[in-house]
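Note sheet for the following structure.
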Amino acid sequence: MFKFFVIPAHDRRLIPEGRLSGPMPWVIAIMIFLTVLAAAAGLALVQAAGNVTDDLSSRATVQIIEANAEVRARQARAVAARLRGLSLVEQVRVLPQKEIDELIEPWLGTQNLGEDIPLPALIDLKLTRTASDSELQSLRSVIQPLAADARVEPSSGYIAPVIALVRSLQWIAFGLVALLALATAAAVIISARATLNTHRETIAVVHLLGGTDHQISRLFQRRIALDALLGGMIGLVGGAAIIWLIAMQLSALGSGLVQSLGLSWLSWLIIALVPILGMFLAMVTARMTVMGALKKKL
Amino acid sequence: MDGIVRFENVGLRYGAGAETLADLNFTLFPGSFYFLTGASGAGKTSLLKLLYLSQRPSRGLIRLFGEDAVTMPRERLPGFRRRIGVVFQDFRLVPHLSAFDNIALPLRVAGVREKDLEGPVDEMLEWVGLGDRASARPATLSGGEQQRVAIARAVIGRPEILVADEPTGNVDPEMAIRLLQLFEALNTLGTTIVVATHDIHLLSKVAGAQMMKLEKGMLADPTGSLRHPPLPKAQRN
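These protein sequence lines are chains A and B, in that order.
Numbering-wise, the first sequence is residues 32 to 329 according to my numbering.
Numbering-wise, the second sequence is residues 101 to 337 according to my numbering.
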């Protein structure tokens with residue numbers, strides 16, 4: 032597979048290679064830079080969507096709606112005790128009033144409104160698995176005798192539109208990666224054709240001396256693969272630096288969905304492979320372009 | 101004896117123009133020496149292009165080394181081209197390669213190992229009088245020196261057929277004689293030589309050479325030796 036890298040120096044001189052002397056490595060560097068950013072965004076969004084889904088799909092909230100605070104508190108305790116005995120429920124936590132006040136603080140301010148507005152009691156449930164509709168219905172049935180107006184709301188319901196948005200952004204990011212791969216291939220085709228044109232006479236002579244299409248295309252493959260690898264490494268370093276800077280800024284924000292954005296070691300490995308994949312893409316494109324062009328000659 | 105090259109009713113037309121070559125019928129025999137003469141524009145270079153497989157004819161049959169060269173798949177052409185040495189009229193040296201590398205090119209294309217080609221290339225450089233210019237690039241060589249590199253490149257692989265287009269056009273008479281002697285030496289070893297030239301004085305320099313004359317794309321056969329089958333020696337003039 033890597034035979035083209037061990038072409039003897041005298042053969043390589045036939046089609047002179049000038050590292051970073053032409054536009055090709057820089058074009059590929061820009062393409063790989065953008066691809067790395069798009070891939071990182073896509074992979075981070077995959078991870079974020081996964082984290083949020085994993086975290087929330089197995090959670091539910093029970094709201095005890097009762098105007099009388101004492102009755103509400105009693106019902107909440109009774110419901111919590113009943114739920115702890117169910118196999119579907121892993122963890123039950125009755126939210127303290129202070130936490131509920133903090134939740135409504137952004138909308139209603141810091142005044143102590145608990146006495147004026149009858150806020151529902153909230154019970155946070157962690158389930159052993161993602162509950163189906165029928166399981167949620169059976170939970171409601173269990174709670175009903177203890178608190179007639181209690182509601183069971185799966186958390187996945189709240190987050191579904193956000194997850195849908197994240198998934199859309201993720202596909203847009205991967206779509207960009209595909210478009211950039213196509214643009215890279217197009218740049219390689221243009222470069223290979225230009226190089227073929229520049230060295231038309233040398234190629235004609237090599238053909239007439241008995242050189243094969245394969246021998247000639249190997250020279251182009253090597254030249255373009257090395258250009259792509261060099262440009263790819265420059266693009267990767269630039270892209271990784273930007274990702275690191277963004278990661279620093281996101282971690283400073285430090286809350287909610289933003290905090291779940293991140294790259295696993297597998298994501299970093301995939302990003303590190305982008306220049307290698309770019310090189311193979313360039314190499315295959317160059318080979319197909321050159322072989323196609325040579326076949327038109329005698 | 102079977103011919104090494106046989107043309108039957110061969111014609112060549114570039115694009116939609118008139119035929120550059122028409123009705124060529126001749127046979128070249130192994131180990132023979134041929135001069136191809138004719139006025140400028142008579143079609144000498146076009147005929148040579150057919151011989152060294154740079155062009156396919158518009159019509160007719162060409163048999164080369166006993167095989168049909170007209171319908172031969174292009175994948176097989178490199179193997180046949182390696183058996184033919186060519187001295188191009190405009191030399192066609194690779195400008196960014198040294199004289200050594202230009203001469204070594206056919207051997208490298210054929211996959212000869214580096215340690216096996218240094219000796220023959222150095223020897224060839226000495227023979228054409230360029231032993232001290234091995235690392236010179238074509239742009240720094242005179243026209244005559246470039247021509248000698250081109251000739252050395254054509255003969256380095258001991259081809260079965262050597263095709264030379266005006267090989268002595270840029271060299272002094274003394275060098276022209278030396279080059280012809282090189283061609284004769286190759287011919288003695290069995291190589292079929294075809295030399296296109298304007299210089300009718302060369303014709304007398306090679307004993308036993310036969311002449312092919314092109315006139316307006318058609319072949320005159322003054323000696324009758326090119327016919328298939330050739331005329332008996334007694335009937336040739």
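We put the CB at the ideal spot given by N, CA and C, even for glycine.
Please read all numbers here as calculations on a predicted model, not as lab measurements.
- How long is the line joining the alpha carbons of B/R233 and B/V263, rounded to whole angstroms? Residue 233 of chain B sits at position 133 when you count from the first residue of the second sequence. Residue 263 of chain B sits at position 163 when you count from the first residue of the second sequence. Those two C-alpha atoms are separated by around 25 Å.
- Message: Just to confirm before moving on: does the CB-CB distance between A/T316 and A/A204 stay below 8 Å?
- Response: Here residue 316 of chain A corresponds to residue number 285 of the first sequence, with the count starting at 1. Here residue 204 of chain A corresponds to residue number 173 of the first sequence, with the count starting at 1. No, the Cβ-Cβ distance between A/T316 and A/A204 is not below 8 Å.
- Short-range partners of chain A found in the segment 124–156 of chain B, where Cβ spacing is below 8 Å: So the list reads Y152, L153, S154, Q155, R156, given in the order they occur along the chain.
- So, helix, strand or coil for A/P330, using DSSP? Here chain A covers residues 32 to 329 and nothing more, so residue 330 of chain A does not appear.
- Query: What residue from A/A179, A/R108, A/V321, A/T84 has the CA that sits closest to A/N228's CA?
  - Reply: What you label residue 228 of chain A is simply residue 197 of the first sequence in a count that begins at 1. Nearest option by C-alpha distance: A/V321.
- Under 8 Å by Cβ, that's how I've got A/L177 and A/Q128 pegged, so tell me the actual separation to the nearest angstrom. Here residue 177 of chain A refers to the residue found at position 146 when the first sequence is read from its first residue. Here residue 128 of chain A refers to the residue found at position 97 when the first sequence is read from its first residue. Between A/Q128 and A/L177 the Cβ distance is about 20 Å, and since that is not below 8 Å, they are no contact.
- Along the alpha helix (DSSP H) that carries A/A79, what are the first and last residues, could you check? Looking up residue 79 of chain A in the first sequence gives position 48. Residue range 55–88 is occupied by the alpha helix (DSSP H) that includes A/A79.
- Query: Using the rule of at least 16 other Cβ atoms within 10 Å of the residue's Cβ for burial, across every protein chain shown, is A/M55 buried or exposed?
  - Reply: One-based indexing of the first sequence puts residue 55 of chain A at position 24. The residue in question, A/M55, is buried, as its Cβ has 16 or more Cβ neighbours within 10 Å.
- Task: Out of B/T297, B/I251, B/V294, B/G185, point me to the one whose CA is closest to B/R278's CA.
- Result: One-based indexing of the second sequence puts residue 278 of chain B at position 178. Nearest C-alpha to B/R278: B/I251.
- Would you report the Cα separation of A/E166 and A/A256, rounded to the nearest angstrom? The sequence position of residue 166 of chain A within the first sequence is 135, counting from 1. The sequence position of residue 256 of chain A within the first sequence is 225, counting from 1. The alpha-carbon atoms of A/E166 and A/A256 are separated by roughly 57 Å.
- Task: Would you grab the beta carbon distance between B/L193 and B/P238 for me? Rounded to a whole angstrom, and I think it's under 8 Å.
- Result: Residue mapping note: residue 193 of chain B aligns to position 93 of the second sequence, counting from 1. Residue mapping note: residue 238 of chain B aligns to position 138 of the second sequence, counting from 1. Sure, about 4 Å apart at Cβ, within 8 Å.
- Given 8 Å, three or more beta-carbon pairs between the segment 297–312 of chain B and the segment 126–139 of chain B: Counting Cβ pairs under 8 Å, three or more are found: they touch.
- Query: Near B/E108, what residues of its chain come up, given a Cβ to Cβ distance below 7 Å and the 5 sequence neighbours on each side ignored?
  - Reply: As a first step, residue 108 of chain B must be located in the second sequence, where it is residue number 8. The residues are N125, G160, L161.
- Message: Short of 8 Å Cβ to Cβ, which residues in the segment 200–213 of chain B face chain A?
- Response: Per Cβ criterion, the list reads D201, A204, L205, P206, R208, V209, A210.
- Query: Along chain B, which residues have their Cβ under 7 Å away from the Cβ of A/T233?
  - Reply: Numbered from its first residue, the first sequence carries residue 233 of chain A at position 202. Within 7 Å of the CB of A/T233, the CB atoms of chain B belong to V194, in sequence order along the chain.
- Endpoints, the beta strand (DSSP E) within which B/D299 is located: Taking the first residue of the second sequence as 1, we reach residue 299 of chain B at position 199. Looking at the DSSP string, B/D299 is not in any beta strand (DSSP E), and its letter there is neither H nor E.
- Message: Can you confirm whether B/L197, when its beta carbon is compared against all beta carbons of chain A, has any partner nearer than 8 Å?
- Response: Here residue 197 of chain B refers to the residue found at position 97 of the second sequence. At a cut-off of 8 Å between C-beta atoms, B/L197 counts as an interface residue with respect to chain A.
- Query: Should A/R90 and A/L158 be called a contact, given that it needs their Cβ atoms to be closer than 8 Å?
  - Reply: Indexing the first sequence from 1 puts residue 90 of chain A at position 59. Indexing the first sequence from 1 puts residue 158 of chain A at position 127. For A/R90 and A/L158, yes; Cβs fall inside 8 Å.
- DSSP beta-bridge partners of A/Q122: Position 91 of the first sequence, counted from the start, is the residue given in the question as residue 122 of chain A. Secondary-structure assignment with DSSP links A/Q122 through a beta bridge to A/K157.
- A/I96 versus A/T66 - alpha carbon distance: Indexing the first sequence from 1 puts residue 96 of chain A at position 65. Indexing the first sequence from 1 puts residue 66 of chain A at position 35. The straight-line gap from Cα to Cα measures roughly 51 Å.
- Message: Using a Cβ-Cβ distance cut-off of 8 Å, determine whether B/R258 contacts chain A.
- Response: Against the second sequence, residue 258 of chain B aligns to sequence position 158. Chain A contact via Cβ: absent.
- Message: Beta-carbon within less than 6 Å of A/G184's beta-carbon, same chain only, minus the 5 sequence neighbours each way: which residues are those?
- Response: Within the first sequence, residue 184 of chain A is the residue found at index 153, counting from 1. A small correction: the amino acid at residue 184 of chain A is Glu; Gly does not occupy that position in the sequence shown. In its chain, beyond the 5 residues on either side, T92 have a beta carbon closer than 6 Å to the beta carbon of A/E184.
- Message: Quick check for students: name the residue ranges of the alpha helix (DSSP H) that lie wholly in the segment 209–292 of chain A, counting only runs of 4 or more.
- Response: DSSP runs (the alpha helix (DSSP H)) wholly in the segment 209–292 of chain A: 231–239, 244–284, 287–291.
- Contact list for B/V186 against chain A, beta-carbon separation under 9 Å: Taking the second sequence and counting its residues from 1, the one referred to as residue 186 of chain B is at position 86. By Cβ distance, chain A contributes L239, L240.
- Query: Can you tell me the Cα-Cα spacing of A/L117 and A/L126, whole angstroms?
  - Reply: For the purposes of this step, residue 117 of chain A is taken as the residue at position 86 of the first sequence. For the purposes of this step, residue 126 of chain A is taken as the residue at position 95 of the first sequence. Rounded to the nearest whole angstrom, the CA to CA distance from A/L117 to A/L126 is 19 Å.
- Can you give me the Cβ contacts of A/I273 inside the same chain, cut-off strictly under 7 Å, excluding the 5 residues immediately before and after it? Here residue 273 of chain A is taken as the residue at index 242 of the first sequence, counted from 1. Leaving aside the five residues that flank A/I273 on each side, the residues in its chain whose CB is nearer than 7 Å to its CB run, in chain order, L68.
- Query: Along the segment 166–181 of chain B, what residues have a CB closer than 9 Å to any CB found in chain A?
  - Reply: For the segment 166–181 of chain B, which is checked against every Cβ of chain A, the residues closer than 9 Å are R174, E175, L177, P178, G179, F180, R181.
- Residue range of the alpha helix (DSSP H) that includes B/T282: As a position in the second sequence, residue 282 of chain B is number 182, starting the count at 1. One detail in the question is off: residue 282 of chain B reads as Leu in this sequence, not Thr. From DSSP, the alpha helix (DSSP H) with B/L282 extends over 273–288.
- If you check the beta carbons only, do A/I154 and A/V102 fall under 8 Å apart? Translated into the one-based positions of the first sequence, residue 154 of chain A becomes position 123. Translated into the one-based positions of the first sequence, residue 102 of chain A becomes position 71. No, these two residues do not count as a Cβ contact at 8 Å.
- Residues that A/Q106 bridges to, as DSSP identifies them: To locate residue 106 of chain A, count along the first sequence from 1; it is residue 75. In DSSP, A/Q106 forms no bridge with anything.
- Hey, B/G244 and B/P130 are a contact pair by Cβ (cut 8 Å); roughly how many whole angstroms apart? Along the second sequence, one-based indexing puts residue 244 of chain B at 144. Along the second sequence, one-based indexing puts residue 130 of chain B at 30. Taking a contact as a CB-CB distance under 8 Å, the pair B/G244 and B/P130 does not count as one, their CB atoms being some 31 Å apart.
- B/A210 in three-state terms, based on DSSP: The count along the second sequence starts at 1 and reaches residue 210 of chain B at position 110. Of the three classes helix, strand and coil, the one that applies to B/A210 here is coil, per DSSP.
- Message: Cutting at 8 Å between CB atoms, please list the residues of its own chain near B/R248, excluding the five before and the five after it.
- Response: Taking the first residue of the second sequence as position 1, residue 248 of chain B is located at position 148. If the five residues before and after B/R248 are omitted, its C-beta is found closer than 8 Å to the C-beta atoms of V228, G229, L230, V271, M275, L279, all from its own chain and listed in chain order.
- Query: Does the beta-carbon of A/R16 have 16 or more other beta-carbons within 10 angstroms, so that it is buried, or is it exposed?
  - Reply: Outside the modelled stretch of chain A, which goes from 32 to 329, sits residue 16 of chain A, for which no answer is possible.
- Query: How is A/A195 classed by DSSP in three states: helix, strand or coil?
  - Reply: By 1-based counting over the first sequence, the position of residue 195 of chain A is 164. Of the three classes helix, strand and coil, the one that applies to A/A195 here is helix, per DSSP.
- Under 8 Å Cβ-Cβ, which residues of chain B neighbour A/L329? Counted from its first residue, the first sequence places residue 329 of chain A at position 298. Within chain B, the residues placing a beta-carbon under 8 Å from that of A/L329 are L153, S154, Q155, R156, R174, L177, ordered along the chain.
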